[in-house]
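Okay, so here's the structure we're looking at.
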Amino acid sequence: MSRYNFKETETRWQAVWEDKATFAVTEDSSKPKYYVLEMFPYPSGNIHMGHVRNYTLGDVVARYKRARGFNVLHPMGWDAFGLPAENAAIANNTAPATWTRDNIATMRRQLKGMGMSYDWSRELATCEPKYYKHEQKMFLDFLAADLVYRKESWVNWDPVENTVLANEQVIDGKGWRSGVDVEKRKLNQWFLKITAFADDLLAELGNLNRWPDRVRLMQENWIGRSEGAFIRFDLVGRDDRLDVFTTRHDTIFGASFMAVAANHPLSLEMAEKNPGLKDFIAECARLGTSEAAIETAEKMGFDTGLRVRHPFIEGKELPVYAANFVLMEYGTGAIFGCPAHDQRDLDFARKYGLEVVPVVAPKDADAASFDIGTVAFTDDGLHINSDFLDGTTVADGKADIARRLQAAGTGEPTVNYRLRDWGVSRQRYWGCPIPVIHCGDCGIVPVPAADLPVALPEDISFDGPGNPLENHPTWKTVDCPQCAKPAQRETDTFDTFFESSWYFARFTDAQNEDQGFSRAAANYWLPVDQYIGGIEHAVLHLLYSRFFTRALKQCGYLDIKEPFAGLMTQGMICHETYRDESGKWLTPEQAEGRAGVTIGRSEKMSKSKMNVVDPEIIIAAYGADTARLFMLSDSPPDRDLDWTDSGVDGAWRYMNRLWRMITEPKMALPEKGAGQPARLSQSAENANRAIHKTVAAVSGDLDKFHFNKAVARIRELTNLLDDLDPSAGGAPWALRQGLEAVVRLIGPMLPHIAEELWRELGHDVMLSDTPWPDVDETLLVDDTVTVAVQVNGKLRGTLDLPKGVDAGVAEKAALELPRVIEAMDGKSPRKVVIVADRIINVVI
RNA sequence: GCCCCUGUGGCGGAACUGGUAGACGCGCGGGAUUCAAAAUCCCGUUCCUUUGCGGGAGUGGGAGUUCGAUUCUCCCCGGGGGCACCA
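Residue numbering for the first sequence follows the numbering used here, starting at 63 and increasing by one per position.
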């Protein structure tokens, strides 16, 4: 019995594809284009199972679309800047550049061993000056277009990584990588005006109909648009006012207090001469943004002593509290409290004994007796206790108040966003230098375009604390481009999300030295038709890329604003976990055959739980095709996938079975291209129909990325072919048809063995260059159909009936079934429901 | 707290817009082949009941709509995710 030699076969076909540049593409107006892209990896050292899954999914799409006649762009590159390189530099005394390039070499070799259909001529690494010089130019263009600004601001400082984190990178008050508590510091930062596009970023989500709903929802929540109003309250005894943002301006008559953030300018000012307030502010700062602290903290406030005048009630004054539940970062950092209609305000008012006046009541409630207990009333209703608003709805009340505020010049309707501008400065070495120069006389001066790139020095030292760019003897010293006096380079580098915000465009024209990409190439290939990657990038990377594309459009780089037309997010790879008697984690190898091992539930593969399986070992033992098949079988792409040894065995078994069925067929196969015999036996005819049905079904499954279903259908056809009776007329012909179909259908998933078997079947043209099989539509429709027969909704039998048979005939046949007669127990049918070609339900 | 997703055999998962629940695979049981094993092949495999034919129950739980519900509606329970004093 022959055994499939995957090692020899896989390396041989990989070499063929590489020699023939099978997957290299150029713009070609004769074919529809299709751009499939997987999120490029950070070159951490080795590929892991998550990569294998991600890139297998993308490769199936790429190969399938190619077979369907598309001009497919399928590139790969490296997200090569980032902290781990610096950490490795410190730990191993290697230069970040060397470490990164070595890792890229390793991972490139591993990816090539997976048989991915990449156009390697477009490979890029973001840490190379020939890549980042273009984004330095983009930054300068953004600066000129007023999409960039610099401001001193409170930032999230990660004390372990010694760097600033974006709000998005702070998770539960901790650094997203280091996991330690984030501190607040004030630094000068570069910001990109993502908020300038907030409305458009939100509105266009509605058109991204090939994105998962949940990702769109997450971005929608992140942008956090809310319609409301600014209201200016006059401060009593002072010349200034307190600005407030609210979405419930209709409840203004129920206002009983004001609350400002602890770090609001007014709180800070009043704290100067109020030690109690000062202590309160310090306490709020101690609480910080740490999730656990805030969650358990009850609503607290401190009277600043200030009072404001109510804008609509003559002579009414409201106290101004500093409160721990008001955020300086949102709105104006100040609110008016209306306890009756906001739960937080109610909790606060009850605690400090403030007035609770209901100003909205349910339509059928009695205004005089309507009362608020411990639950705020937040539904719609009619206004009460509200002077001129009485009897109006919430919506009408809002409109009326807004009109009056505007007329009086004390406020106006406004839209507020949760989204904040993107801080891109990082106090890090291994990133793209921000191309500006600080001059004592001229201030901030952009580096002239002709002087780009501002290249990172590679002769650096990590011996001292802080940023090696600061410590480099000469790098930051430069003459001012404007006045020629000695000046200094900016030593901050970009957030690495900067590089990944445009790499998809670079792939369209990766070798272009003069520009990041030509407009023509970008306009031909973009948007990415199918983007594939992890759900963890649902907000950060995807939102930044959407913004960046808009900014590039505004600066004349390209003509689209949405970079990714289709998005698929893949689930995690999980594996059982193992512990020994003492509770220590064990690797799967250590756990095998060992006594006293506790098997834990399947969890995401992670080094800390030691439940990782190295793809390289799997590929060495079973080959890339087996790993790919396993990744595609069973679990739909967006769900988590359980890695099991038996599942891998199953995939391996299928490969060998297919191999045997073709290299040692049960019956002599007719020559390639042999015509259909004049007469087919029933079983050959059925097989032929099954082949065409399978091709149609698998095509549909792949169009919808239902890879697990496609695999199941191909296996089903394989089973049927294996059961073909050699003595039946036309069986050998049907078998050849079927085997060829199976090989072609499985080709995008198992490219190596499929190429090999395709050649074994006598074909000279590579499978990779062979179009997708055609379907004979006439064979998809059967002349008879199996109809279920129920009595009172319970299945009592089935009938094989001619398709489209007359209802009367069907009913008669159904009522004659012995088991139907039995179930009817002598009663006559009250009603017979007949759904043509589907079901007959006899109701008695 | 708010929002979203999800719940089907021992396991991963199928089931088109309401129409034969459990495709396909894994695992398990039995058998063939073998000196023996590996590999391979065949049969069985939701549960209860029945010697077999059958019968009954069944898609987290409870109600509802319908001739008919895994699918639609409402309530409850479990699992997962996002956001969070967002005004």
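For glycine and all other residues, C-beta sits at the position ideal for the given N, C-alpha and C.
Practice task
Decide if Lys69 is buried, meaning its Cβ has at least 16 other Cβ atoms within 10 Å, or exposed.
Solution key: Lys69 should be labelled exposed.
Handout entry: Asp687 to Ala153 span [Cα, whole Å]
Key = 37 Å
Problem - Residue closest to Arg170, alpha-carbon to alpha-carbon, out of Pro727, Ala159, Val853 and Trp140 - result: Trp140
Exercise for the section: Run the CB neighbour count on Ser487, radius 10 Å, all protein chains shown included, and call it buried at 16 or more, exposed below. Expected result: buried
Handout entry: Pair within 9 Å by beta-carbon distance, Gln76 and Gly144
Key = no
Problem - One or two residues paired with Ala320 in a DSSP bridge - result: Position check: residue 320 holds Met in this sequence, whereas Ala was assumed. Answer by DSSP bridge pairing, in chain order: Val382 and Phe398.
Handout entry: Contact check, Val370 vs Asp296, beta carbons under 9 Å
Key = yes
Practice task
Check whether the segment 791-804 touches the segment 716-731, taking contact to mean three or more Cβ pairs, one atom from each stretch, closer than 8 Å.
Solution key: Under the 8 Å Cβ criterion, the segment 791-804 counts as touching the segment 716-731, having at least three qualifying pairs.
Practice task
Please work out which residues of its chain come closer than 7 Å, Cβ to Cβ, to Lys93, disregarding the five sequence neighbours upstream and downstream, and give them in chain order.
Solution key: Gly131, Phe132 and Asn133
Exercise for the section: State the Cα-Cα distance for the pair Tyr684 and Trp714, rounded to the nearest angstrom. Expected result: For Tyr684 and Trp714, the distance between alpha carbons rounds to 7 Å.
Practice task
Measure the beta-carbon distance from Gly177 to Glu72 and round it to whole angstroms, keeping in mind my assumption that it falls under 8 Å.
Solution key: Indeed they touch by this definition, with Cβ atoms about 6 Å apart.
Handout entry: Unbroken alpha helix (DSSP H) run spanning His326, endpoints
Key = Boundaries cannot be given for His326, as no alpha helix (DSSP H) includes it and DSSP labels it neither H nor E.
Problem - Beta-carbon spacing of Ile375, Asp449 below 9 Å - result: yes
Problem - Residues of its chain near Ala402, where Cβ-Cβ distance is below 8 Å and the 5 sequence neighbours each way are ignored - result: Thr313, Gly316, Leu408, Val418, Val419, Pro420, Val421, Val422, Ile434, Ala438 and Phe439
Exercise for the section: Kindly confirm or deny that the segment 568-587 and the segment 531-540 touch, where touching means at least three C-beta pairs closer than 8 Å. Expected result: no
Problem - Span of the beta strand (DSSP E), counted from its first residue to its last, around Phe295 - result: Ser288 to Asp296 is the extent of the beta strand (DSSP E) around Phe295.
Exercise for the section: Could you check if Pro530 is buried or exposed, using at least 16 other CB atoms within 10 Å of its CB as the buried criterion? Expected result: buried
Exercise for the section: Kindly confirm or deny that the segment 735-754 and the segment 93-112 touch, where touching means at least three C-beta pairs closer than 8 Å. Expected result: Taking a cut-off of 8 Å on C-beta distances, the segment 735-754 does not touch the segment 93-112, as fewer than three cross pairs fall below it.
Problem - Alpha carbon of Phe560 to alpha carbon of Lys127, nearest angstrom - result: Using only the alpha carbons, I get a separation of about 30 Å.
Problem - Close-in-space but distant-in-sequence residues of the same chain around Ala584 (CB under 6 Å, 5 per side omitted) - result: The residues Ala567, Thr570 and Leu620, in chain order, have a CB closer than 6 Å to that of Ala584 in the same chain once the five nearest residues on each side in sequence are set aside.
Exercise for the section: Please state whether DSSP places Met630 in a helix, a strand or coil. Expected result: strand
Handout entry: Val843 burial status per 10 Å Cβ neighbour count (16 or more: buried)
Key = exposed
Problem - Residue closest to Leu135, alpha-carbon to alpha-carbon, out of Ala147, Pro146 and Asp121 - result: Asp121
Exercise for the section: Determine the DSSP secondary structure at Asp862, reduced to helix, strand or coil. Expected result: strand
Practice task
Answer yes or no: do Pro677 and Val114 have a C-beta to C-beta separation smaller than 9 Å?
Solution key: yes
Problem - Nearest residue (CA-CA) to Lys95, options Tyr586, Val894, Gly870 and Ser789 - result: Tyr586
Handout entry: Short Cβ contact (9 Å threshold) for Val895 with Ile906
Key = no
Exercise for the section: Measure the Cβ-Cβ separation of Asp513 and Pro543 and say whether it is below 9 Å. Expected result: Against a cut-off of 9 Å, the Cβ pair of Pro543 and Asp513 comes out as a contact.
Exercise for the section: Report the option in Ser288, Met723, Ser695 and Gly505 whose CA atom is closest to the CA atom of Val710. Expected result: Checking every option, the nearest Cα to that of Val710 belongs to Ser695.
Handout entry: Extent of the continuous beta strand (DSSP E) run through Gln550
Key = Pro548 to Arg551
Practice task
Out of Ile343, Pro137 and Thr639, state which residue places its alpha-carbon closest to the alpha-carbon of Val388.
Solution key: Ile343
Exercise for the section: Taking 9 Å as the cut-off, decide whether the C-beta atoms of Val207 and Glu520 are in contact. Expected result: In the sequence on display, residue 207 carries Ala and not Val. No, they are not a contact pair.
Exercise for the section: Specify whether the segment 623-636 and the segment 592-607 touch according to this definition: at least 3 beta carbon pairs, one from each stretch, less than 8 Å apart. Expected result: yes
Exercise for the section: In angstroms with no decimal places, state the Cα-to-Cα distance between Asn149 and Phe201. Expected result: Distance between the alpha carbons of Asn149 and Phe201 is about 27 Å.
Handout entry: First through last residue of the beta strand (DSSP E) which encompasses Phe364
Key = Gly363 to Arg371
Exercise for the section: Could you spell out where the beta strand (DSSP E) holding Tyr491 opens and where it closes? Expected result: First-last for Tyr491: undefined, no H or E at that position.
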